[in-house]
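Residue numbers (the numbering used here): 253 to 455.
Virtual Cβ for every residue (Gly too), placed ideally from N, Cα, C.
For clarity, every value in this text was computed on a predicted model and none was experimentally measured.
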């Protein structure tokens, strides 16, 4: 199992990253709450990872902290929640926000997350309440001394198109994602800022 990646952030197109680890490029999907805290392209990065093997694909999911990865692992144990839905949940809500929603029995907030219907939200409230009772742990310093940055990959895509692509990848229908972005002003905003604003508009 691949549990951690340490390398250079070579490319990023939400929610996917390319991490250069000594010449080998790893494609990693991360929730937007983690994406916001990433360094600039060409900078050193460490991600705690969860490796998923399916018949049709091998997928790598990354997180900035061990707690975020632990929450992801708890989510995919819940009935009806796969990695993609877990990624959408963690993109819409930070770990503390999700935990608070579960503890408060906040069904309204959970059903606004893409792919989470009322039945799934009700199951999450029941299944996750006990699992998250003592959630939390020590974090790890992710500094990477001695790693030499390399030139980042350049992809010429507009911030709004990149944000739209990311929202669709997170499970929103394209028409819904477009409406979310219409509620935001894209004047000088980056893709990450547009996505953050669009997600906030749904909660």
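Apart from the 5 residues on each side of it in sequence, residue 277 sits with its Cβ closer than 8 Å to the Cβ of 262, 270 and 271 in its chain, given in chain order. With respect to the 8 Å criterion, residue 365 and residue 346 are not classified as neighbours on the basis of their beta carbons.
Burial state of residue 324 is buried, judged by a 10 Å Cβ sphere holding 16 or more other Cβ atoms. Residue 360 has no beta-bridge partner at all, per DSSP. Taking residue 281 as reference, the option from 301, 431 and 293 with the minimal CA-CA separation is 301. As the crow flies, the alpha-carbon of residue 363 is around 9 Å from that of residue 374. In this structure, residue 419 sits near residue 432, with a CB-CB distance shorter than 8 Å. Between residue 257 and residue 287, the alpha-carbon positions lie close to 15 Å from each other. Buried is the label assigned to residue 414, since at least 16 other Cβ atoms lie within 10 Å of its Cβ.
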